[in-house]
Amino acid sequence: MARSSLGKLPKRYSFILNPYTDARLSRCPKCNKLTYLRKFVLFIHIEQWGSLALGKTCRYCSHCELIMAHKDELDAELARSFSQLAPEVIGNDYMVMGTVEKKAWEAGLGRSGQPLTEALKHVAQFKRYYDFHYKPAGWYPADDKSGK
Ligand SMILES: [Zn+2]
52 MARSSLGKLP
62 KRYSFILNPY
72 TDARLSRCPK
82 CNKLTYLRKF
92 VLFIHIEQWG
102 SLALGKTCRY
112 CSHCELIMAH
122 KDELDAELAR
132 SFSQLAPEVI
142 GNDYMVMGTV
152 EKKAWEAGLG
162 RSGQPLTEAL
172 KHVAQFKRYY
182 DFHYKPAGWY
192 PADDKSGK
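52 is the number of the first residue of the sequence shown in the numbering used here; add one for each residue after it.
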């Protein structure tokens with residue numbers, strides 16, 4: 052089994068960070084099955100700061116093992132986490148690297164004050180990332196053929 056370079060666990064799940072606020076991904080963009088909400092602990096690397104584990108309810112397709120997070124929600128969660136911890140890093144670029152075992156996270160690993168090396172034993176990097184391209188439904192300007 053392939054070991055991930057980051058965490059100690061095998062790579063797991065695929066991931067989409069959805070930048071569109073009007074696309075809520077009730078269906079999987081890959082297989083078109085209905086998705087459901089499931090809580091994951093995301094392992095996030097923040098530029099010029101480091102890594103943190105964040106509990107987040109995401110859209111999930113069990114068929115594709117695909118986790119989908121909405122960027123606007125994640126931005127808000129991170130801003131809330133950092134408003135106390137380190138307000139200066141709010142707005143920095145970040146990268147969702149993988150998931151943390153929920154049991155380890157609930158035991159307090161990866162939260163502020165915990166040694167990161169210990170938390171890393173419970174991180175599974177994502178197998179792959181997908182880009183999500185989306186065109187909102189609605190009216191688009193087209194060639195005017197009405198012949199006015
Ligand atoms: Zn799917």
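For each residue, glycine too, the CB sits at the ideal point set by N, CA and C.
Helix or strand or just coil, what does DSSP make of leucine 105?
-> For the purposes of this step, residue 105 is taken as residue 54 along the sequence shown, with counting starting at 1. Reduced to three states, the DSSP call for leucine 105 is strand.
Please report how far the alpha carbon of serine 132 lies from the alpha carbon of asparagine 83, in whole angstroms.
-> Indexing the sequence shown from 1 puts residue 132 at position 81. Indexing the sequence shown from 1 puts residue 83 at position 32. Distance between the alpha carbons of serine 132 and asparagine 83 is about 33 Å.
Please find out if some non-hydrogen atom of ligand 1 comes closer than 8 Å to the beta-carbon of asparagine 84.
-> The residue labelled residue 84 in the question sits at position 33 within the sequence shown. Note that residue 84 corresponds to lysine in the displayed sequence, not to asparagine. Result yes, Cβ under 8 Å from ligand 1.
If we ignore side chains and look at the alpha-carbon of each, how far apart do leucine 105 and valine 151 end up?
-> If you number the sequence shown from 1, residue 105 lands on position 54. If you number the sequence shown from 1, residue 151 lands on position 100. Roughly 9 Å separates the two Cα atoms.
Go ahead and pull the three-state DSSP assignment for phenylalanine 91.
-> By 1-based counting over the sequence shown, the position of residue 91 is 40. It is a strand residue.
Just the C-alpha distance for arginine 54 and glutamine 135, rounded to the nearest angstrom, thanks.
-> The residue given as residue 54 occupies position 3 in the sequence shown. The residue given as residue 135 occupies position 84 in the sequence shown. Reliability of the predicted coordinates at arginine 54 is poor, the pLDDT of 49 falling under 50, and no value is obtained from them.
Spatial distance of aspartate 182 from glycine 149 (CA atoms) | Start at 1 with the first residue of the sequence shown, and residue 182 comes out as number 131. Start at 1 with the first residue of the sequence shown, and residue 149 comes out as number 98. Going from the Cα of aspartate 182 to the Cα of glycine 149 covers about 16 Å.
Using only the heavy atoms of ligand 1, determine whether one of them is closer than 8 Å to the beta carbon of leucine 117.
-> Walking along the sequence shown from the start, residue 117 turns up at place 66. Checking the Cβ of leucine 117 against ligand 1 gives yes.
CA-CA distance, lysine 62 and lysine 81?
-> The residue given as residue 62 occupies position 11 in the sequence shown. The residue given as residue 81 occupies position 30 in the sequence shown. Rounded to whole angstroms, lysine 62 to lysine 81 spans 20 Å at the Cα level.
When you compare each of Glu124, Lys90, Cys115 to threonine 108 by their alpha carbons, which one comes out closest?
-> As a position in the sequence shown, residue 108 is number 57, starting the count at 1. It is Lys90.
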